[in-house]
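Chemist:
Residue numbers (the working numbering): 92 to 441.
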């Protein structure tokens with residue numbers, strides 16, 4: 092990346108907020124922080140189908156969660172549900188049916204489609220990102236674990252190959268449960284010339300700007316932040332991106348229990364939206380450290396500063412802070428119980 096300090100304003104713009112740097116491989120984007128990003132288009136069973144039952148969805152969800160539990164610190168996934176306008180119904184001349192009955196059914200379906208003003212359909216995407224460990228951590232591991240093997244590749248090449256193998260394993264592991272295909276670089280022809288376009292870059296453009304377009308990949312696909320974040324962003328109480336106003340909804344509280352398809356009602360909403368869920372993977376020791384920091388933060392807010400310093404145990408109790416502290420302690424206690432159970436099982440076996 093070139094140093095643009097002498098050529099640009101110090102004020103941050105939309106490209107500065109984006110982490111995308113370059114397209115370094117087929118369907119793989121390099122971030123400014125050194126992270127690697129890949130994506131899949133996916134689709135599960137139709138929740139409105141008569142053959143789709145809660146038992147089947149619970150079973151598939153359990154298998155997916157079990158497989159995703161293999162990932163460790165440094166990995167993160169985004170699962171997006173995008174509701175977009177249907178492109179239109181195929182013309183009758185493009186539809187071919189073997190008998191008059193099925194052709195009549197299709198004609199009735201086409202007539203129903205054209206009678207309504209707008210139709211929406213939901214597409215699903217899964218993005219997976221890996222942030223490699225710092226060079227200092229890698230050097231420490233090389234010192235602890237001595238290896239006489241002579242490396243013929245650079246660390247960047249090894250990380251890229253490991254990332255590609257990991258996402259290939261993800262596709263193999265979940266491909267039997269979900270309909271998935273990779274976002275890759277494709278070759279297109281507009282009649283006059285042939286050019287390349289990358290599905291992941293196109294999806295990132297849609298996620299940022301809300302417009303589904305097919306971008307032409309330049310010979311040197313660098314500075315993705317600049318040619319993806321070209322739209323003017325207006326912050327404030329009513330944020331606006333270009334000529335589109337942005338409305339963001341955040342969930343403050345979650346139900347005590349859930350089930351697969353709890354938000355299926357969103358599929359029937361006649362509006363344009365993108366629902367994004369992010370999950371950051373953490374190793375057990377890092378998760379316990381984060382939970383302990385979370386517990387201490389809320390524990391300090393249970394009583395006032397004077398009561399804590401002089402240990403008077405008087406004053407008003409912040410019930411919300413107390414509830415947050417108890418929730419964190421309950422999660423940590425559950426983790427300790429699992430470790431104790433594993434220790435007992437190992438002792439009985441060996």
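C-beta: ideal position from N, C-alpha, C; glycine also.
Predicted model only: the values in this text are computed from it and were never measured.
Name the two residues that bound the continuous beta strand (DSSP E) containing residue 128.
Modeler: For the purposes of this step, residue 128 is taken as the residue at position 37 of the chain shown. From DSSP, the beta strand (DSSP E) with residue 128 extends over 127-134.
Chemist: Taking residue 257 as the reference, which of 216, 110, 162 and 118 has the closest Cα?
Modeler: To locate residue 257, count along the chain shown from 1; it is residue 166. That would be 162, whose Cα lies nearest to the Cα of residue 257.
Chemist: Does the beta-carbon of residue 200 have 16 or more other beta-carbons within 10 angstroms, so that it is buried, or is it exposed?
Modeler: Here the question's residue 200 lines up with position 109 in the chain shown. Residue 200 comes out exposed.
Chemist: Give the straight-line distance between the Cα atoms of residue 418 and residue 381, rounded to the nearest whole angstrom.
Modeler: In the chain shown, counting from the first residue as 1, residue 418 sits at position 327. In the chain shown, counting from the first residue as 1, residue 381 sits at position 290. Distance between the alpha carbons of residue 418 and residue 381 is about 13 Å.
Chemist: Report the rounded CA-to-CA distance for residue 338 versus residue 120, giving the unit in angstroms.
Modeler: As a working mapping, residue 338 is identified with position 247 in the chain shown. As a working mapping, residue 120 is identified with position 29 in the chain shown. For residue 338 and residue 120, the distance between alpha carbons rounds to 28 Å.
Chemist: Measure from the alpha carbon of residue 125 to the alpha carbon of each residue in 192, 263, 366 and 246, then state which is nearest.
Modeler: Within the chain shown, numbered from 1, the residue matching residue 125 stands at position 34. Of the candidates 192, 263, 366 and 246, the one whose C-alpha sits nearest the C-alpha of residue 125 is 246.
Chemist: Would you call residue 285 buried or exposed, if buried means 16 or more other Cβ atoms sit within 10 Å of its Cβ?
Modeler: The residue you call residue 285 lines up with position 194 of the chain shown. Under this definition residue 285 is an exposed residue.
Chemist: Below 8 Å on the Cβ atoms is my guess for residue 351 versus residue 152; work out the distance and round it to an integer in Å.
Modeler: Residue numbering aside, residue 351 sits at position 260 when the chain shown is read from its first letter. Residue numbering aside, residue 152 sits at position 61 when the chain shown is read from its first letter. Yes, they are in contact, since the Cβ atoms of residue 351 and residue 152 sit about 5 Å apart, within 8 Å.
Chemist: Closest to residue 254 by C-alpha separation, out of 405, 219 and 270, would be which residue?
Modeler: The count along the chain shown starts at 1 and reaches residue 254 at position 163. Here the closest residue by C-alpha is 219.
Chemist: Assign residue 273 to one of three DSSP states: helix, strand, or coil.
Modeler: Here residue 273 corresponds to residue number 182 of the chain shown, with the count starting at 1. Looking at residue 273 - three-state DSSP - the assignment turns out to be strand.
Chemist: Rounded to the nearest angstrom, how far is the Cβ of residue 290 from that of residue 308, given a contact under 8 Å?
Modeler: Along the chain shown, one-based indexing puts residue 290 at 199. Along the chain shown, one-based indexing puts residue 308 at 217. Rounded, the Cβ-Cβ distance is 11 Å, inconsistent with contact.
Chemist: Leaving out the 5 sequence neighbours to the left and right, which residues in its chain are closer than 7 Å to residue 422 when beta-carbon positions are compared?
Modeler: One-based indexing of the chain shown puts residue 422 at position 331. If we look at residue 422 and ignore the five residues flanking it on each side, its Cβ neighbours are 382.
Chemist: With residue 296 and residue 131 assumed to form a contact (beta carbons below 8 Å), what rounded beta-carbon distance in angstroms separates them?
Modeler: Locating residue 296 in the chain shown gives position 205, where the first residue counts as 1. Locating residue 131 in the chain shown gives position 40, where the first residue counts as 1. At roughly 17 Å, the Cβ-Cβ gap does not stay under 8 Å, so residue 296 and residue 131 are not in contact.
Chemist: Could you pull the DSSP bridge partners for residue 280 from this structure?
Modeler: As a first step, residue 280 must be located in the chain shown, where it is residue number 189. DSSP output for residue 280 lists 285 as bridge partner(s).
Chemist: Count the C-beta pairs between the stretch 359-369 and the stretch 202-218 that are closer than 8 Å, then say yes if the count reaches three, no if not.
Modeler: Segments in contact, yes.
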